[in-house]
Amino acid sequence: MNKSIIFVIMGVCGSGKTTVAGKLSKEIHCSYRDADNFHSEENKKKMASGYPLTDEDRIPWLLAIYGYIKSLSDSNTPGIVTCSALKRKYRDILVFGEDALRKEHAGTQENGCPVLFVYLKGSPTLISARLKERKGHFMPAELLQSQIDILEEPDEFERHVTVDIDCSVDTIVSSIIKHIK
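Per our numbering, residue 25 is the first one in the sequence shown, and the count goes up by one each step.
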């Protein structure tokens with residue numbers, strides 16, 4: 025495995041990002057940070073009140089996550105971070121930082137931070153059922169549809185692996201590890 029790769033575990037709320045990232049970090053012995061820790065208190069309050077974030081709300085959050093990814097990349101340290109990364113332009117910010125906002129990147133991930141997006145994909149029915157069981161999170165289940173509505177799945181121009189979440193966490197993590205070997 026390339027030691028400097030940074031995994032971004034992505035998907036809509038309730039897809040299992042935190043659970044998968046925690047298990048994967050133990051399996052491959054690297055650190056991980058949850059994107060929720062990069063949100064401003066204003067963003068958390070907005071979501072807790074049932075309002076979806078706008079692009080304007082998300083940009084400072086994405087840039088903060090990029091800063092973490094860049095610090096890992098600069099120190100050639102592997103790591104994992106969770107992030108919904110719902111749109112291609114959000115993922116570009118995670119790879120290129122502010123250059124993505126100015127469209128000053130060459131358009132391929134090869135010129136940015138060494139990120140592998142791990143897209144946790146599942147049916148809205150499965151994810152909705154999971155969200156109804158979740159306790160103590162600021163993101164209400166009612167916002168799931170707003171995330172599904174803006175989701176742009178990774179395409180062939182992005183370094184990614186798509187994993188079906190309709191299986192055990194161990195199976196999901198094994199699938200990710202199998203892909204990177």
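Just so you know, even glycine gets a beta-carbon here, dropped at the ideal spot from N, CA and C.
Owing to the predicted nature of the structure, the values given are computational and were not obtained by experimental measurement.
Are the beta-carbon atoms belonging to C107 and A72 less than 8 Å from one another? The residue labelled residue 107 in the question sits at position 83 within the sequence shown. The residue labelled residue 72 in the question sits at position 48 within the sequence shown. Contact flag unset, no.
Tell me the start and end of each unbroken beta strand (DSSP E) in the region 58-115 that is at least 3 residues and wholly inside, in chain order. Within the region 58-115, the complete beta strand (DSSP E) runs of at least 3 residues are 103-106.
By the DSSP assignment, the alpha helix (DSSP H) with D173 in it spans what residues? Looking up residue 173 in the sequence shown gives position 149. Looking at the DSSP string, the run of the alpha helix (DSSP H) that includes D173 is 168-174.
Quick test of your reading: L167 and C37, contact by CB under 8 Å. State the CB separation rounded to the nearest angstrom. The residue you call residue 167 lines up with position 143 of the sequence shown. The residue you call residue 37 lines up with position 13 of the sequence shown. Going by Cβ atoms, the distance from L167 to C37 rounds to 7 Å, so yes, they are a contact pair.
Helix, strand or coil at F162 according to DSSP, with G and I counted as helix: As a position in the sequence shown, residue 162 is number 138, starting the count at 1. Confidence at F162 is low in this model, with a pLDDT of 49, below 50, so its placement is unreliable and the value that follows should be read with caution. Looking at F162 - three-state DSSP - the assignment turns out to be coil, as it is neither helix nor strand.
Between D173, L155, E177, L87, which has its C-alpha nearest K39's C-alpha? Working through the sequence shown from its first residue, we reach residue 39 at position 15. The question names Lys, yet the displayed sequence has Ser at residue 39. Considering only alpha carbons, the answer is L155.
Three-state secondary structure (DSSP) of I29: Indexing the sequence shown from 1 puts residue 29 at position 5. In this structure, I29 counts as coil in the three-state DSSP scheme.
With respect to the alpha helix (DSSP H) encompassing D194, which residues constitute its N-terminal and C-terminal limits? In the sequence shown, counting from the first residue as 1, residue 194 sits at position 170. It spans 193-204 - the alpha helix (DSSP H) in which D194 sits, taken as one unbroken run.
D188, enclosing beta strand (DSSP E) - first and last residue: As a working mapping, residue 188 is identified with position 164 in the sequence shown. Residues 184-188.
Assuming V142 is part of the beta strand (DSSP E), what are its boundary residues? Here the question's residue 142 lines up with position 118 in the sequence shown. From DSSP, the beta strand (DSSP E) with V142 extends over 139-145.
Measuring CB atoms only, is the region 44-53 touching the region 185-203, in the sense that at least three cross pairs come out at less than 8 Å? By the Cβ test, the region 44-53 is in contact with the region 185-203, since at least three Cβ pairs between them sit closer than 8 Å.
Compare the C-alpha of D79 against each of P102, E65, K202, R112 and name the closest. On the sequence shown, residue 79 is found 55 positions in, with the first residue counted as 1. Closest by alpha carbon: R112.
Name the DSSP bridge partner or partners of S55? Position 31 of the sequence shown holds residue 55. Paired residue(s): G103.
Cβ-based burial, S97 [other Cβ within 10 Å; buried from 16]: As a position in the sequence shown, residue 97 is number 73, starting the count at 1. Residue environment analysis places S97 among the buried positions, since at least 16 neighbouring C-beta atoms fall within 10 angstroms of its C-beta.
F162 burial status per 10 Å Cβ neighbour count (16 or more: buried): Residue numbering aside, residue 162 sits at position 138 when the sequence shown is read from its first letter. At F162 the pLDDT is 49, less than 50, meaning the model places this residue with poor confidence; the figure from the coordinates comes in the next sentence. Flag for F162 reads exposed.
K47 and L144: beta carbons closer than 8 Å? Locating residue 47 in the sequence shown gives position 23, where the first residue counts as 1. Locating residue 144 in the sequence shown gives position 120, where the first residue counts as 1. For K47 and L144, no; Cβs fall outside 8 Å.
Is the Cβ-Cβ distance between L118 and L86 less than 8 Å? Here the question's residue 118 lines up with position 94 in the sequence shown. Here the question's residue 86 lines up with position 62 in the sequence shown. L118 places its beta carbon less than 8 Å from that of L86.
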